[in-house]
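Peer 1: So the sequence lines, in the order shown, correspond to chains A and B. For the first sequence, the tail end lands on 303 under the numbering used here, and the numbers increase by one without skipping. For the second sequence, the tail end lands on 303 under the numbering used here, and the numbers increase by one without skipping. Glycine residues also receive a C-beta, built at the ideal position from the N, C-alpha and C atoms. These figures come from a predicted structure and were not determined experimentally.
Number of protein chains: 2
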Amino acid sequence: MEKVVAGIDIGGTNTRIGLVNSKGKVLVDSNIATDKYQDVNGYISTIYNSIEILAKNPDLPAVELIGIGIGAPNANYHTGKIEKAVNLPWQDVPLAETLGKYYPGMDIKVTNDANAVAIAEMVYGNAKNLRDFVVITLGTGLGSGIVSNGELIYGHDGLAGEVGHITAVPEGRHCNCGRCGCLETYVSATGIKRTVFELLATSTGDSQLRNASFNSLTSKDIHEAALNGDPVALDAFKITGEILGRALADVVAFTSPSAIFIFGGLAEAKDMISKPAKENMEKYLINCFKNKVEILPSALGNKDAGVIGGASLIWKNLKNIQ
Amino acid sequence: MEKVVAGIDIGGTNTRIGLVNSKGKVLVDSNIATDKYQDVNGYISTIYNSIEILAKNPDLPAVELIGIGIGAPNANYHTGKIEKAVNLPWQDVPLAETLGKYYPGMDIKVTNDANAVAIAEMVYGNAKNLRDFVVITLGTGLGSGIVSNGELIYGHDGLAGEVGHITAVPEGRHCNCGRCGCLETYVSATGIKRTVFELLATSTGDSQLRNASFNSLTSKDIHEAALNGDPVALDAFKITGEILGRALADVVAFTSPSAIFIFGGLAEAKDMISKPAKENMEKYLINCFKNKVEILPSALGNKDAGVIGGASLIWKNLKNIQ
Chain A
-18 MEKVVAGIDI GGTNTRIGLV NSKGKVLVDS NIATDKYQDV NGYISTIYNS IEILAKNPDL
42 PAVELIGIGI GAPNANYHTG KIEKAVNLPW QDVPLAETLG KYYPGMDIKV TNDANAVAIA
102 EMVYGNAKNL RDFVVITLGT GLGSGIVSNG ELIYGHDGLA GEVGHITAVP EGRHCNCGRC
162 GCLETYVSAT GIKRTVFELL ATSTGDSQLR NASFNSLTSK DIHEAALNGD PVALDAFKIT
222 GEILGRALAD VVAFTSPSAI FIFGGLAEAK DMISKPAKEN MEKYLINCFK NKVEILPSAL
282 GNKDAGVIGG ASLIWKNLKN IQ
Chain B
-18 MEKVVAGIDI GGTNTRIGLV NSKGKVLVDS NIATDKYQDV NGYISTIYNS IEILAKNPDL
42 PAVELIGIGI GAPNANYHTG KIEKAVNLPW QDVPLAETLG KYYPGMDIKV TNDANAVAIA
102 EMVYGNAKNL RDFVVITLGT GLGSGIVSNG ELIYGHDGLA GEVGHITAVP EGRHCNCGRC
162 GCLETYVSAT GIKRTVFELL ATSTGDSQLR NASFNSLTSK DIHEAALNGD PVALDAFKIT
222 GEILGRALAD VVAFTSPSAI FIFGGLAEAK DMISKPAKEN MEKYLINCFK NKVEILPSAL
282 GNKDAGVIGG ASLIWKNLKN IQ
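#1: Taking only beta-carbon positions, decide if Asn130 of chain A is within less than 8 Å of chain B.
#2: Would you say Leu69 of chain B and Ile51 of chain B are within 8 Å of each other, going by their C-beta atoms?
#3: Please report how far the alpha carbon of Pro54 of chain A lies from the alpha carbon of Gly(-8) of chain A, in whole angstroms.
#4: Just curious, the alpha helix (DSSP H) that Asn30 of chain B is in, first and last residue?
#5: Which bits of chain A does Arg160 of chain B rub up against, with CB to CB less than 8 Å?
#6: List the residues of chain B whose Cβ lies closer than 7 Å to the Cβ of Phe242 of chain A, in chain order.
#7: In chain order, which alpha helix (DSSP H) runs of at least 4 residues are fully inside the region 159 to 243 of chain B?
#8: Residues in the same chain with beta-carbon distance under 7 Å from Gly172 of chain A, minus the five sequence neighbours each way, listed in chain order, please.
#9: Compute the Euclidean distance between the alpha carbons of Ala99 of chain B and Gly(-12) of chain B, then round it to the nearest angstrom.
#10: With a threshold of 8 Å on Cβ separation, who are the neighbours of Asn(-5) of chain A within its own chain once the five nearest residues in sequence on each side are excluded?
#11: Give me the DSSP bridge partner(s) of Lys(-16) of chain A.
#12: Can you tell me the Cα-Cα spacing of Val304 of chain B and Ala240 of chain B, whole angstroms?
#13: Checking 8 Å against the spacing of the C-beta atoms, do Ala292 of chain A and Val(-14) of chain A come in under that value?
#14: Can you list the residues of chain A that Lys273 of chain B reaches, using a CB-CB cut of under 7 Å?
#15: Any beta-carbon of chain B closer than 8 Å to the one on Glu64 of chain A?
#16: Would you kindly work out how many angstroms separate the C-alpha atoms of Lys90 of chain A and Met253 of chain A, rounded to a whole number?
#17: With Glu263 of chain A as the anchor, note down where its alpha helix (DSSP H) starts and where it stops.
#18: Could you tell me whether the Cβ of Gln303 of chain B comes closer than 8 Å to any Cβ of chain A?
#19: Under the DSSP definition of a beta bridge, which residues are partnered with Lys62 of chain B?
#20: Is any heavy atom in the ligand MG found nearer than 7 Å to the beta carbon of Ser200 of chain A?
#21: Check distances from the C-beta atoms of the region 31 to 61 of chain B to those of chain A and list, in chain order, the residues that come in under 8 Å.
#22: Please list, in chain order, all residues of the same chain as Met325 of chain B whose beta carbon is under 6 Å from its beta carbon, the five residues on each side excluded.
#23: Within the 8 Å Cβ cut-off, does Thr121 of chain A reach chain B?
#24: Can a CB atom of chain A be found closer than 8 Å to the CB of Ser293 of chain B?
#25: In the region 141 to 156 of chain B, which residues sit with their C-beta less than 9 Å from some C-beta in chain A, listed in chain order?
#26: Any contact between the region 152 to 159 of chain B and the region 191 to 210 of chain B? By contact I mean 3 or more CB pairs, one from each, below 8 Å.
#27: Relative to the alpha-carbon of Gly5 of chain A, which residue among A:Ile289, A:Ile295, A:Asn298 has its alpha-carbon at the smallest distance?
#28: Closer than 8 Å by beta-carbon distance: list the chain A residues that pair up with Ser238 of chain B, in chain order.
#29: Could you tell me the distance, in whole angstroms, from the CA atom of Asp20 of chain A to the CA atom of Thr27 of chain A?
#30: Compare the C-beta of Asp231 of chain A with all C-beta atoms of chain B and state if any pair is closer than 8 Å.
#31: Quick one: grab the DSSP three-state call for Val1 of chain B.
#32: Is the Cβ of Phe235 of chain A closer than 8 Å to any Cβ of chain B?
#33: Report yes if the C-beta distance between Arg112 of chain B and Gly131 of chain B is below 8 Å; otherwise report no.
#34: For Ser129 of chain A, which residues does DSSP report across the bridge?
#35: Within 8 Å of any Cβ in chain A, is that where the Cβ of Arg(-3) of chain B sits?
#36: Determine which residues share a DSSP beta bridge with Thr92 of chain B and list them.
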């Protein structure tokens, strides 16, 4: 029987569940609509049923479930809980404990989505031989996973790695977290949209983006406009990359990683964001760090990274990868 | 025979050498004038002689030297070298290797001064039971040592922990490192002096500090003036503490330490700097980190910390303290 781990990627809208083998391959997977479950116990019971159905999939050779790893917003590795989540239907969820009732004795681990991606990058991705690196995930917000001395930094409370909420611009844009000037208000799918609207307000040139409403515009639209040569979209990517680059110089000053991986929807713009990021990072780095740190794409596809990331929480320990 | 480690604290002006027992006690010590040695080999030979003289001190019971630990500016733990030092008579020094010629097979370790203090805090000081904490040293500049998962973060190149060179004020004050707006240009003995001079320029009120020249004014003078109720000095401490506090909110967002230790000359002002720092840190922390992180004084005296810090590099491993 092949040993598998259930990897679970919990998002505000959708939850994806997959059975992942030791090589990081997703053998089968399914989806649950997160936002349809106001009752968290019903939601967790559905997760259990989904895992059981997947494990009995007739197209699959017999498998043995040896652990469950979960990536979720505001998930705490130390407590196994989701704490003060803002994008989920429930506030505080003892996730590992509740799911554990269905699986007595099973190894169940929980962490936030960016940390899960960082561990997947270490176990299966482009960071296999690296002991010091950082993953930046650019989605609706900006997440981060920091690995030093070959171990993910969870912090004393299990919540470390909130690079999205360092101050990029003192007294800058309002953030959902209640502060002002957070990095993610500039560098994220939402952040680049805000930059587009600032540019539309302050400049006068033509742009196809002048036809979009704030609510309808997506970072994909901005990327497509940039590929068409739209000057506002191109400017927005340049500004976003530059602010990211200056912040990455601070990231390097903290933990001196050998590489920084950029992951998520916005990262698909590739050079359009990573080139100004790299240039500005080098500009702002102190001399001892210059020309040492690579900015690299993630090896993980956007679709599977969350599920593989969750599963990596379990496989990492079994593979004795430090 | 009591086992001892030679702890060496290399500064731009003075080098202090002490024999330190496993309990972190400095048994004997001596000094060398660093800046008198243009030839680094002569300097290292003097270090060797000093250690030998200390070990034969007639007031001391017989001792066995089992290792040498060194804290120095820009010292790289991985390579054992001092690299691109700006405050020393020599630029690049293969310190561990050269000293090792006098002591074949001896365990010799090197790191920067702030990292050495962090390890001493972990082995002998106020951080004995902490796995996640940060030490900030406030001297001429601002140094930092970051401990996560019970281990000091050296980074891929051995040079991590340059919190003094994160951007505190975009396009702010010029820094010796060549950048602008570095935290240490505001928060350090030099930084608070610059703030005093800015206040003397922008305000009109009386201040005893109006009689001091930039070159003659020390942070001790500013502290004494503040204790006398001088409004400019009091304002300077408040502003310095506030900028430190906002930066510490970023420090917490990175590695989520349970405590931050403030060490060095400027820290002797105690509440005058740590109170505004704590208040502003809490103001700028995102909700999940509020009211969790302590700002604490170091347990190490300014005089001995460097020597004990150096020795801790060796004792830490022998005590199997993770």
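Peer 2: On the basis of the coordinates in this document:
#1: Chain B, which has a Cβ nearer than 8 Å to the Cβ of Asn130 of chain A, makes this yes.
#2: No, Cβ-Cβ distance for Leu69 of chain B and Ile51 of chain B is not below 8 Å.
#3: Inter-residue distance for Pro54 of chain A and Gly(-8) of chain A is about 7 Å (C-alpha atoms, whole angstroms).
#4: Going by DSSP, Asn30 of chain B is part of the alpha helix (DSSP H) stretching over 21 to 36.
#5: Residues of chain A passing the Cβ test: Tyr265, Ile267.
#6: Chain B residues near Phe242 of chain A: none, gap ~14 Å exceeds 7 Å.
#7: The region 159 to 243 of chain B contains these whole alpha helix (DSSP H) runs: 170 to 183, 200 to 208, 212 to 236.
#8: Here the set comprises Glu165, Thr166, Thr221.
#9: One C-alpha to the other measures close to 14 Å.
#10: Within the same chain, Asn(-5) of chain A has close Cβ partners Asn12, Ile13, Ala14, Thr15.
#11: In DSSP, Lys(-16) of chain A forms a bridge with A:Glu45.
#12: Coverage of chain B is limited to positions -18 through 303, which leaves residue 304 of chain B absent and any answer about it impossible.
#13: Contact flag set, yes.
#14: Chain-ordered, the chain A residues with CB closer than 7 Å to the CB of Lys273 of chain B read Asp138.
#15: Taking Cβ atoms only, chain B reaches closer than 8 Å to Glu64 of chain A, which makes this a yes.
#16: Spanning the two alpha carbons is a distance of roughly 36 Å.
#17: Looking at the DSSP string, the run of the alpha helix (DSSP H) that includes Glu263 of chain A is 252 to 265.
#18: Here the model assigns Gln303 of chain B a pLDDT of 36, short of 50, so the residue's position is not dependable, and the following value carries that caveat. For Gln303 of chain B, the answer is no, since every Cβ of chain A falls outside 8 Å of its Cβ.
#19: Partner(s): B:Asn57.
#20: This structure simply doesn't include the ligand MG, nor any ligand for that matter.
#21: Cβ proximity to chain A below 8 Å picks out Asn55 from the region 31 to 61 of chain B.
#22: There is no way to answer for residue 325 of chain B, as the model of chain B reaches only from -18 to 303.
#23: For Thr121 of chain A, the answer is no, since every Cβ of chain B falls outside 8 Å of its Cβ.
#24: No - not a single Cβ of chain A is within 8 Å of the one on Ser293 of chain B.
#25: From the region 141 to 156 of chain B, only Ala141, Gly142, Glu143, Val144, Gly145, His146, Ile147, Thr148, Ala149, Val150, Pro151, Cys156 have a Cβ closer than 9 Å to chain A.
#26: Here the region 152 to 159 of chain B does not lie against the region 191 to 210 of chain B, with fewer than 3 beta-carbon pairs under 8 Å apart.
#27: When each option's Cα is compared against that of Gly5 of chain A, the closest is A:Ile289.
#28: Inspection of the sequence shows that residue 238 of chain B is occupied by Pro rather than by Ser. Ordered by position in chain A, the residues that pass the 8 Å Cβ test against Pro238 of chain B are Gly136, His137.
#29: Near 11 Å, if we compare the C-alpha coordinates of Thr27 of chain A and Asp20 of chain A.
#30: So, interface residue.
#31: DSSP, read as helix, strand or coil, puts Val1 of chain B in strand.
#32: With 8 Å as the cut-off, Phe235 of chain A counts as an interface residue toward chain B.
#33: Closer than 8 Å, so yes.
#34: Answer is A:Glu132.
#35: For Arg(-3) of chain B, the answer is no, since every Cβ of chain A falls outside 8 Å of its Cβ.
#36: DSSP links Thr92 of chain B through a beta bridge to B:Gly52.
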